[in-house]
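Here the structure comes first, spelled out in structure tokens, and everything after it is commentary.
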Amino acid sequence: MTLIKECDRKFHRKLITEEHLSIISEPGSIYFGHITPTSGSSKVIAAELIAYLSKKNVDLGGIKAVVCDRTVANTGNRGGIIRLLEVALDKPLQWFVCQLHANELPLRHLFEHLDGPTNGPKGFSGPIGKSLVDCEKLPVVKCTPINCVLPSGLNSDDLSTDQKYLFDLCTAVSVGVCPVGLSLRNPGLINYSRWLTTANRILRLYIATRCPSDELKTMVTFIVTVYAPAWFEIKNTASCKDGARHVHNTILKLRYLTDELKKVVDPVIQRNAFFTHPENLLLAMLTDEKSEIRELALRRIMKSRKQKRTSSVRSFCVPLINFEATSYIDMIDWQKTPITEPPIVMGIDDDTFLTMITEEDTPRLDFARYPCHTQSEERHIKLVTEASQEKRDGFIRARLESR
Numbered sequence: 001m002t003l004i005k006e007c008d009r010k011f012h013r014k015l016i017t018e019e020h021l022s023i024i025s026e027p028g029s030i031y032f033g034h035i036t037p038t039s040g041s042s043k044v045i046a047a048e049l050i051a052y053l054s055k056k057n058v059d060l061g062g063i064k065a066v067v068c069d070r071t072v073a074n075t076g077n078r079g080g081i082i083r084l085l086e087v088a089l090d091k092p093l094q095w096f097v098c099q100l101h102a103n104e105l106p107l108r109h110l111f112e113h114l115d116g117p118t119n120g121p122k123g124f125s126g127p128i129g130k131s132l133v134d135c136e137k138l139p140v141v142k143c144t145p146i147n148c149v150l151p152s153g154l155n156s157d158d159l160s161t162d163q164k165y166l167f168d169l170c171t172a173v174s175v176g177v178c179p180v181g182l183s184l185r186n187p188g189l190i191n192y193s194r195w196l197t198t199a200n201r202i203l204r205l206y207i208a209t210r211c212p213s214d215e216l217k218t219m220v221t222f223i224v225t226v227y228a229p230a231w232f233e234i235k236n237t238a239s240c241k242d243g244a245r246h247v248h249n250t251i252l253k254l255r256y257l258t259d260e261l262k263k264v265v266d267p268v269i270q271r272n273a274f275f276t277h278p279e280n281l282l283l284a285m286l287t288d289e290k291s292e293i294r295e296l297a298l299r300r301i302m303k304s305r306k307q308k309r310t311s312s313v314r315s316f317c318v319p320l321i322n323f324e325a326t327s328y329i330d331m332i333d334w335q336k337t338p339i340t341e342p343p344i345v346m347g348i349d350d351d352t353f354l355t356m357i358t359e360e361d362t363p364r365l366d367f368a369r370y371p372c373h374t375q376s377e378e379r380h381i382k383l384v385t386e387a388s389q390e391k392r393d394g395f396i397r398a399r400l401e402s403r
């Protein structure tokens with residue numbers, strides 16, 4: 001709220017909607033600051049972001065990567081914010097586009113295919129969607145178990161309440177019995193932009209339905225087989241070096257689907273497979289368990305350095321995926337895909353690479369471990385939204401220091 005002086009010389013309250021862009025320093029997820037752009041256009045945001053960083057005496061030449069969500073405003077390969085930053089800085093940046101956001105999209109499209117489109121930000125048009133509204137009030141029943149394999153070693157302190165609920169409910173579905181305490185917990189509010197809570201409610205509806213429809217069983221099977229395991233794998237191994245492996249693991253999980261449903265979800269995977277770009281695939285290969293894969297990555301980077309350079313910064317485009325690949329390194333056709341070196345390793349010279357190649361066991365290359373998702377950024381965004389306009393920056397820093 002703000003006070004606006006009207007022509008009658010009285011002050012009246014008026015609600016003003018502002019767009020806030022939080023800036024987080026990575027690696028480490030350290031709050032750096034925020035801007036309130038004068039416009040929501042990518043061009044304005046990119047220009048004001050550079051102006052803010054320059055004002056803070058940031059060495060723009062030292063920026064190597066951008067971690068962000070996958071909105072077109074960010075990732076458009078011609079007019080997106082990352083592309084505009086690359087052009088302004090006259091150099092390529094490493095694209096780390098949030099994999100948790102990408103993981104939600106196949107579920108969303110599958111849901112709409114089976115139950116109909118959403119109806120507003122919190123509503124659904126189909127029978128399953130409409131049943132989600134009060135599903136937590138329904139008594140639980142013994143349901144048919146559906147196998148679910150979740151990763152071990154998760155840090156529960158790093159999981160939100162909604163994420164813990166998803167984990168526990170997947171476990172309940174896998175045995176066909178829901179504990180009383182779990183049945184009384186809140187699955188989270190329905191929100192079109194938060195498919196995690198939608199997944200929670202779909203599972204909650206399933207354990208309260210004696211004779212679930214084929215569509216509901218299909219959704220639940222997808223959640224416990226693909227969506228939830230992939231979510232927790234991304235949370236558990238959140239480094240940029242694991243991004244390509246996460247994409248491939250998701251593709252392998254999806255192969256059980258019928259051809260009809262593959263036609264629904266595969267195009268979604270293709271559009272959002274930013275980590276299959278050679279620059280990100282090579283990061284995974286540089287840290288592979290097999291020495292020969294690490295050596296192959298080094299040689300491909302060195303070969304890319306010898307290619308003739310163009311006067312403009314390369315355009316980042318998601319390559320065509322081979323959905324039948326049995327290894328993550330074969331997800332793209334290396335012969336047909338332009339290979340460019342990862343920007344975050346550009347500071348390492350060829351002599352260092354040659355030394356590594358000549359060793360009997362090619363060592364893993366040490367580079368900064370940027371995250372492959374934006375969960376920490378979302379927490380900072382929440383703080384920015386809560387803070388008042390005048391004291392926002394100080395409020396945020398004080399809250400972060402108290403944690």
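Anchor point for the sequence shown: position 53 equals 53 in the UniProt record's numbering, and the numbering is continuous, going up by one each time.
Don't be surprised by glycine CBs; every beta carbon is placed ideally from N, CA and C.
Predicted, not measured: the structure shown is a model, and the values here were computed from it.
Specify the secondary structure class of residue i as computed by DSSP and reduced to three states.
i: Thr-118; result: strand
i: Pro-343; result: helix
i: Val-67; result: strand
i: Ile-269; result: helix
i: Gln-307; result: coil
i: Ile-190; result: coil
i: Phe-32; result: strand
i: Phe-323; result: coil
i: Pro-37; result: coil
i: Ser-22; result: strand
i: Met-1; result: With a pLDDT of 42 at Met-1, under the threshold of 50, the modelled position of that residue is not reliable, and the figure given next carries that caveat. Coil, per DSSP.
i: Trp-195; result: helix
i: Phe-316; result: coil
i: Val-133; result: coil
i: Ser-97; result: Residue identity differs from the one stated: residue 97 is Val in this sequence, not Ser. Three-state DSSP puts Val-97 in a strand.
i: Ala-73; result: helix
i: Tyr-256; result: coil
i: Lys-56; result: coil
i: Val-87; result: helix
Tell me the rounded alpha-carbon separation between residue i and residue j.
i: residue 404; j: Cys-372; result: Nothing can be reported for residue 404, as the shown portion of the chain is limited to 1 through 403.
i: Leu-84; j: Arg-78; result: 8 angstroms
i: Leu-110; j: Phe-222; result: 9 angstroms
i: Pro-319; j: Asn-191; result: 32 angstroms
i: Lys-34; j: Ala-73; result: One detail in the question is off: residue 34 reads as His in this sequence, not Lys. Their backbone Cα atoms lie some 17 angstroms apart in a straight line.
i: Gly-188; j: Phe-275; result: 30 angstroms
i: Val-265; j: Ala-238; result: 23 angstroms
i: Leu-193; j: Thr-75; result: Before going further, note that residue 193 is Ser rather than Leu in the sequence given. So the alpha carbons of these two residues sit roughly 18 angstroms apart.
i: Met-356; j: Thr-362; result: 6 angstroms
i: Thr-2; j: Thr-36; result: At Thr-2, the pLDDT of 48 sits below 50, so the modelled position is not reliable; the number obtained from the coordinates is stated separately. Rounded to the nearest angstrom, the two C-alpha atoms are 15 angstroms apart.
i: Pro-27; j: Ala-284; result: 17 angstroms
i: Ser-39; j: Gly-153; result: 43 angstroms
i: Val-66; j: Ala-88; result: 14 angstroms
i: Ile-234; j: Cys-98; result: 10 angstroms
i: Lys-55; j: Thr-71; result: 27 angstroms
i: Thr-326; j: Ile-293; result: 15 angstroms
i: Gln-270; j: Leu-282; result: 18 angstroms
i: Asp-351; j: Leu-296; result: 16 angstroms
i: Leu-254; j: Asn-272; result: 15 angstroms
i: Leu-105; j: Lys-306; result: 38 angstroms
i: Gln-94; j: Lys-43; result: 19 angstroms
i: Lys-64; j: Glu-341; result: 12 angstroms
i: Leu-203; j: Leu-365; result: 42 angstroms
i: Gly-61; j: Leu-53; result: 11 angstroms
i: Ile-207; j: Asp-259; result: 28 angstroms
i: Leu-100; j: Pro-229; result: 12 angstroms
Can you tell me whether residue i is buried or exposed, with buried defined as 16 or more other CB within 10 angstroms of its CB?
i: Leu-166; result: buried
i: Tyr-256; result: exposed
i: Ile-329; result: buried
i: Ser-388; result: Its pLDDT being 49, under 50, Ser-388 is placed unreliably by the model, and the measurement read from it follows with that caveat. Ser-388 is exposed by the Cβ-count criterion.
i: Glu-19; result: exposed
i: Lys-241; result: buried
i: Asn-280; result: buried
i: Asp-134; result: exposed
i: Gly-80; result: buried
i: Arg-245; result: buried
Per DSSP, residue i forms a beta bridge with which residues?
i: Phe-274; result: Answer is none; Phe-274 lacks a bridge partner.
i: Ile-329; result: The partner list for Ile-329 (beta bridge, DSSP) is empty, contrary to what the question assumes.
i: Pro-229; result: According to DSSP, Pro-229 bridges with nothing at all.
i: Ser-239; result: Pro-371
i: Phe-124; result: Thr-118
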